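Written out below as structure tokens is the structure these notes cover.
In full-length UniProt numbering, the protein residues as written are 1 to 262.
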């Protein structure tokens with residue numbers, strides 16, 4: 001295995017700083033592979049922040065094994081996943097911020113270097129890419145989510161970028177705010193709608209697989225969660241002072257089904 005302290009990428013001496021945030025709660029079964037996925041990146045320095053929701057299992061013991069390589073660790077009760085993300089964003093000092101969930105991993109040890117390189121090259125505020133889904137084996141994809149570059153009508157056509165692949169300049173969060181902490185399922189959707197559709201921040205679709213994501217996210221865990229997510233999407237449009245077109249929901253459902261079988 002590669003030495004987590006070793007650095008050999010020619011972007012390491014760039015002045016661009018990046019923060020990666022992992023939020024977790026009772027994640028002892030998966031948190032170690034997520035931590036390793038960040039610490040093995042060849043881009044340095046990475047400010048790595050873990051926000052734990054006061055786990056009751058062995059999560060904190062696993063985090064302690066890598067504590068000297070983790071910049072900041074907070075363990076305390078929170079109001080949900082988006083509240084925890086907001087805590088991490090507030091603590092982050094990097095120019096670019098990415099969020100890696102506690103059961104997901106990056107697709108390669110060079111992906112952060114590549115992402116930072118795109119930010120530097122293209123002078124963008126947001127970057128997102130594609131993701132794969134796995135069930136038990138992170139190296140065996142069972143589904144893919146290949147998204148599109150942002151365009152006028154992107155959200156109206158039922159499109160959305162996969163949040164695990166999203167990287168955002170800290171200045172964007174500072175100017176337009178972070179995640180709606182009272183949302184339970186789709187605050188990431190509302191944030192992207194606000195950043196791209198309302199505020200027109202410059203984005204880039206990095207057409208590579210960035211994250212391997214474990215199946216079983218909150219938005220699709222149950223019929224109740226799907227209904228809650230749809231309700232929050234409707235609210236997302238409303239609080240931003242816009243309304244989706246009449247074809248929005250049929251298109252969104254069609255694309256979700258298509259994605260499922262991809």
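Note that beta-carbon positions come from the ideal geometry of N, C-alpha and C, so glycine has one too. Nothing here was measured: the structure is a model prediction, and the numbers come from that model.
When C-beta atoms of the segment 21-37 are compared with those of the segment 52-71, three or more pairs fall below 8 Å, so the two segments count as touching. Taking a cut-off of 8 Å on C-beta distances, the segment 173-184 does not touch the segment 128-137, as fewer than three cross pairs fall below it.
With 16 or more other Cβ atoms inside 10 Å of its own Cβ, residue 190 counts as buried. Taking every protein chain shown into account, the CB of residue 133 has 16 or more other CB atoms within 10 angstroms, so this residue is buried.
In the structure shown, residue 135 adopts coil according to DSSP, grouped into three states. Annotation for residue 90: the continuous alpha helix (DSSP H) segment containing it runs 81-91.
Selection 47, 69, 150 and 34 evaluated against residue 206 yields 150 as nearest (Cα-Cα).
If you check the CB distance, residue 79 and residue 181 come in under 8 Å. Within the same chain, 190, 193, 194, 197 and 198 come within 8 Å of residue 240 by CB-CB distance, once the 5 residues on both sides are set aside. The UniProt domain "Glycosyltransferase 2-like" (19-152) is shown to contain whole alpha helix (DSSP H) runs of 4 or more residues at 31-39, 59-65, 81-91 and 111-122, in chain order.
A straight-line Cα-Cα distance of about 30 Å links residue 82 and residue 121. Per DSSP, the beta-bridge partners of residue 169 are 96. Across the set 168, 37 and 255, the C-alpha of 37 shows the shortest separation from the C-alpha of residue 102. Out of 29, 233, 238 and 243, the CA that lies nearest to the CA of residue 253 is found in 233.
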